[in-house]
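Here the structure is laid out as structure tokens; the discussion comes afterwards.
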Amino acid sequence: MPALLRCRLRVILVYKAIGNRISFLTFDFRLRTNHQSLITNHQLKTFGYTINSDRQIDYDLNNKMFRDYLVQSEPTILRCIACGSCTATCSAGHFTSFNIRRIHTLLVRGETKGIRKEIEKCMLCGKCQLVCPRGVNLRNCILEIHHSLEKFEK
Amino acid sequence: MRKKVIIIGGGVAGMEAAGQLSAQNMEVILLEKQSILGGHLLNWDRLFPTRRDSAEVLDYLKKGIGSDINVQLDAEITNVKKEGSEFRVILKDGRTFNSEALLLANGFELFDARKKEEYGFGIYENVISSAELEEFFRKNKHPDLFAGIRSKRVGIVHCVGSRDEKVGNLYCSRLCCVTGVKQAIEIKELLPDAEIFSFYMDLRMFDRHFEEMYYEAQQKWGIHFIRGRLSEASENPDQTILVKVEDTLTGLPLKMTVDLLILLVGFIPRPETRGIASQLNLNIGSDGFLSPEDVHTGANSSNVPGVFLCGTLKGPGSIENTIADARAAALQIACYLSV
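Structural data, given as structure tokens:
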């Protein structure tokens with residue numbers, strides 16, 4: 001008998017559509033036989049059913065107004081080949097989770113959630129633009145992202 | 155006496171080699187399985203990277219086929235033998251030809267997309283292959299008859315039948331990437347309001363001007379490139395196609411509806427080539443294409459003296475590559491026969 005036997009069953013009991021997004025209703029069951037490690041209060045609170053929201057990009061539902069505005073105001077945004085040079089050289093990215101390459105990719109897919117918080121980490125130093133092999137005007141992209149947030153996400 | 159060469163395959167490689175060998179005063183017998191010369195070129199509408207009409211290249215190749223070339227159409231080969239230093243090719247209908255050298259230019263076949271059942275080719279009306287789109291361009295010059303409506307959104311799937319152990323093909327077909335970009339631009343020219351998405355694993359824009367086409371597709375035409383390999387395509391009740399993919403650059407699963415899904419089918423070796431190779435004891439590579447004597451320095455000769463190889467029976471290649479390869483093979487045959 002091992003000292004700690006942890007059995008975790010994650011059983012998808014049922015899934016149901018909420019709006020147009022599929023959400024999973026999941027059930028967590030933890031069994032611990034180690035006498036030293038009894039079920040904690042926290043685990044008791046989280047025991048049972050939780051709803052996980054869909055993390056899938058649903059392109060059909062996403063609002064492309066934001067993206068279309070960016071493309072129009074800074075057309076070089078279309079040239080990105082996702083090489084990651086910008087993010088590798090990014091001053092902000094060395095100290096925070098800021099990833100301009102990923103933000104760009106999310107925006108062109110119409111994913112705008114959480115962008116405001118992320119884009120504020122940029123210090124507009126412009127190193128990203130210096131290294132971009134495709135000549136994307138990244139500083140202006142970031143300014144236009146700020147403008148479009150003002151415009152569409154008030 | 156003029157030396158005799160039999161060429162098997164009357165596509166780009168065979169036609170070019172025939173013209174070149176004939177110009178060097180050799181007696182050429184050109185065997186073609188179909189009832190017309192031209193091979194795959196007959197099915198292509200416009201060619202990358204210039205998007206010129208494929209008929210122009212065909213006209214060039216036809217000019218090389220003079221009256222002194224013995225063209226044999228509907229030539230289905232049953233037996234190829236080497237007797238001493240002579241070759242004997244016997245056709246199904248009994249026609250027999252002899253020569254001192256043999257040039258194999260059998261070419262390739264396109265991957266049958268039905269083998270990737272999860273993409274729904276042959277099941278859903280609005281899932282088509284890149285070859286079908288070319289055929290459609292040739293005949294109708296408009297892609298939306300497939301959807302029965304104006305296609306608002308078109309998906310293009312790269313690497314169908316290539317780089318895929320599940321269908322037994324580990325190799326890259328090399329030219330589907332640029333074909334996909336070319337076709338995306340062509341659709342956009344016809345349907346300027348359409349949104350076009352390319353689903354790719356890697357974009358291999360290896361040759362001259364290919365990267366420029368990719369740049370043009372992004373900047374001028376606004377074509378979207380999503381890095382991720384389609385997991386499945388399924389049909390909605392209105393016959394549009396729902397595609398599922400991981401958008402690997404965001405690390406999130408993605409789904410979208412498209413009106414038309416185009417599968418970029420890759421190159422596969424011809425099954426007939428395998429038969430000929432076994433009759434002549436030719437070396438076949440692990441990918442099923444024929445192996446040259448030396449991959450760097452003897453790309454046109456085989457392991458059997460007098461048997462030469464050119465074109466896409468050695469693996470995926472463009473028209474430019476194939477024509478250059480056919481000329482190289484012709485030169486090598488001329489050297490071999492003059493000794």
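Those protein sequence lines, which keep their order, are chains A and B.
Here this note's numbering is used: the first residue of the first sequence is 1, the next is one more, and so on.
Here this note's numbering is used: the first residue of the second sequence is 155, the next is one more, and so on.
Cβ coordinates follow ideal geometry from the N, Cα and C atoms, glycine included.
Keep in mind it's a predicted model, so treat the numbers as computed, not measured.
In this chain, G163/B is not harboured by any alpha helix (DSSP H), its DSSP state being neither H nor E.
By the rule that beta-carbons nearer than 7 angstroms mark a contact, Y69/A does not touch chain B.
Going by DSSP, I231/B is part of no alpha helix (DSSP H) but of the beta strand (DSSP E) stretching over 231-237. Two segments are said to touch when three or more pairs of C-beta atoms, one from each, lie closer than 8 angstroms; by this definition the stretch 274-289 of chain B touches the stretch 414-433 of chain B. Here Y368/B is not bridged, per DSSP, to any residue. For the C-beta of V108/A, the chain B residues within less than 9 angstroms are, from N- to C-terminus, H378. F152/A carries a helical assignment under DSSP once its states are collapsed to helix, strand and coil. Closest in C-alpha terms to I339/B, from the list P423/B, L196/B, V308/B, comes V308/B.
Proximity of the stretch 233-247 of chain B to the stretch 201-221 of chain B falls short of the contact definition, fewer than three beta-carbon pairs being nearer than 8 angstroms.
Contacts between I57/A and chain B, judged by CB atoms closer than 9 angstroms, involve D401, T404, L406, P407, L408, K409, M410 in chain order. Contacts with chain A at 7 angstroms (Cβ-Cβ) do not include Q174/B. In terms of Cα proximity to F462/B, the closest of N294/B, L258/B, V182/B, V449/B is L258/B. Under the DSSP assignment, P391/B falls outside any alpha helix (DSSP H); it carries neither an H nor an E label.
Any Cβ of chain A closer than 7 angstroms to the Cβ of Q372/B would place that residue at the interface, and such an atom is present. Nearest C-alpha to K409/B among I430/B, S432/B, I380/B: I380/B.
The Cβ of L78/A sits closer than 7 angstroms to at least one Cβ of chain B.
Listed in chain order, the non-local C-beta contacts of P446/B below 8 angstroms within the same chain comprise G452, A453, N454, S455, S456, L463, K468, local neighbours out to five positions each way being set aside. Residue-level contact by beta carbon fails for A92/A and chain B, as no gap is shorter than 7 angstroms. Among the residues of chain B, none has a CB under 8 angstroms from the CB of T112/A; the nearest is roughly 13 angstroms distant. For R307/B, there is no enclosing alpha helix (DSSP H); the enclosing beta strand (DSSP E) has its first and last residue at 307-314.
When C-alpha distances from T89/A are compared across T50/A, N140/A, I115/A, L130/A, the shortest belongs to L130/A. Under DSSP, N224/B shares a beta bridge with I183/B. Note on geometry: alpha-carbon atoms of G192/B and F290/B lie some 19 angstroms from one another.
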